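Numbering (my numbering), first residue to last: 2 to 169.
Okay, here's the thing in structure tokens:
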């Protein structure tokens, strides 16, 4: 999508230029401000430069803090596990309060919200790439039920998962 080669930057199109602009904001002012700008533009988080343009899902750049980076990797790989604040704090060897501070500082939102949004994004990918029933998608993504998935999905995307699947 965009390439940085020394002092030369190139972008493949309008959306890529927006991602490149967010990369500049992050480079100069940090990931927190870049995420805030992305949210105010009604854009998902900045896409990394090497992500295919056809993807509608955005992965945030890896957090600078090693504890948060390890937890983000763990969360993505274990969506169907217990990812509550207690479990994550225990895994990281920090208090729940410190975990929340770390996530707010480096991700821009508390751990529970990050987990819910990550699970909803994974569900969106499965909705568009499989014919799995909602209950199976809910289980794979760590939601307790199809109804819990529906509530989180509507909260994040503004439409129920069944409508989302039909639109894509």
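Yeah, the Cβ is synthetic: ideal placement off N, Cα and C, and Gly gets one too.
None of these values were measured; they are calculated from a predicted model.
Residue i burial status per 10 Å Cβ neighbour count (16 or more: buried)
{"i": "residue 116", "result": "buried"}
{"i": "residue 90", "result": "buried"}
{"i": "residue 27", "result": "buried"}
{"i": "residue 162", "result": "buried"}
{"i": "residue 82", "result": "exposed"}
{"i": "residue 124", "result": "buried"}
{"i": "residue 54", "result": "Caution is warranted here: a pLDDT of 39 is assigned to residue 54, below 50, making its placement in the model unreliable, and no coordinate value can be reported."}
{"i": "residue 109", "result": "buried"}
{"i": "residue 20", "result": "buried"}
{"i": "residue 119", "result": "buried"}
{"i": "residue 9", "result": "exposed"}
{"i": "residue 35", "result": "buried"}
{"i": "residue 25", "result": "exposed"}
{"i": "residue 76", "result": "buried"}
{"i": "residue 136", "result": "exposed"}
{"i": "residue 122", "result": "buried"}
Extent of the continuous beta strand (DSSP E) run through residue i
{"i": "residue 9", "result": "9-12"}
Boundaries of the alpha helix (DSSP H) in which residue i is found, first to last residue
{"i": "residue 64", "result": "Counting along the chain, residue 64 falls outside any alpha helix (DSSP H), and DSSP gives it neither H nor E."}
{"i": "residue 154", "result": "147-158"}
{"i": "residue 163", "result": "162-168"}
Bridge-paired residues (DSSP) for residue i
{"i": "residue 91", "result": "The partner list for residue 91 (beta bridge, DSSP) is empty, contrary to what the question assumes."}
{"i": "residue 6", "result": "9"}
Chain D within 8 Å of residue i, Cβ atoms only
{"i": "residue 29", "result": "Looking at the structure shown, chain D is missing, and only one protein chain is on hand."}
Going residue by residue through the stretch 100-136, where are the continuous alpha helix (DSSP H) segments of at least 4 residues, counting only ones entirely within it? Within the stretch 100-136, the complete alpha helix (DSSP H) runs of at least 4 residues fall at 112-130.
The stretch 143-163 in contact with the stretch 86-105 per 3-pair CB rule at 8 Å: Cβ pair count under 8 Å is below three, so no.
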